[in-house]
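Since the structure comes first, as structure tokens, the remarks are kept for the end.
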Amino acid sequence: MSERLSFFCYECGKTLISYSDGNPFYLDEAGRKRYAHYPDAEKLDRCIGNDLPHICLSCGDRFVLDATCLSKHVCPKCNAFEVIEVRNLWAEKCPYCKMGYFLFGQPEQASFAVQSILRCRVKDDP
């Protein structure tokens, strides 16, 4: 079963959501891409690919890449190579405010989360 993952920037509050299994897809009779998720086993059995939500850490552009095309980690908007899956966003510097870092959970957890991240020093600024 897919797990919902929520990340927020402790500085600006920007929140991004992803799912642990990505976005499995199939093509309908007209050839259009359709997404399938648990508990719809019938649609999941038809899946031929999996779109994974990505974010550019340089410009903040969000886009999806099929799991079979993961060698193309280049932002389609700014051509930067600082691209990661949204589900791996924890402790990455926020591309929107350029000051805070993304933490797992909800913004109302910020006070505890900020203290934790500062104590752990998960990343150093360059």
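In the numbering used here, the protein residues as written are 4 to 129. Just so you know, even glycine gets a beta-carbon here, dropped at the ideal spot from N, CA and C.
Collapsed DSSP secondary structure at Arg-49 in the structure displayed: Indexing the sequence shown from 1 puts residue 49 at position 46. Correct three-state label for Arg-49: coil.
Verify whether the separation of the beta carbon atoms of Ser-5 and Tyr-41 is less than 8 Å. Stepping through the sequence shown from its first residue, residue 5 is reached at position 2. Stepping through the sequence shown from its first residue, residue 41 is reached at position 38. Cβ atoms of Ser-5 and Tyr-41: closer than 8 Å.
Could you compute how far the alpha carbon of Cys-50 sits from the alpha carbon of Pro-79? Within the sequence shown, the letter at position 47 stands for residue 50. Within the sequence shown, the letter at position 76 stands for residue 79. Take the alpha-carbon of Cys-50 and the one of Pro-79: they are about 25 Å apart.
For the beta strand (DSSP E) holding Leu-106, just list the boundary residues, first then last. Reading the sequence shown from its first residue, position 103 is the one you call residue 106. Start and end: 105 to 107.
Whole-angstrom Cβ separation of Pro-27 and Leu-60, contact assumed at under 8 Å? Sequence index remark: in the sequence shown, residue 27 carries index 24 (1-based). Sequence index remark: in the sequence shown, residue 60 carries index 57 (1-based). Pro-27 to Leu-60, Cβ: 25 Å. No contact.
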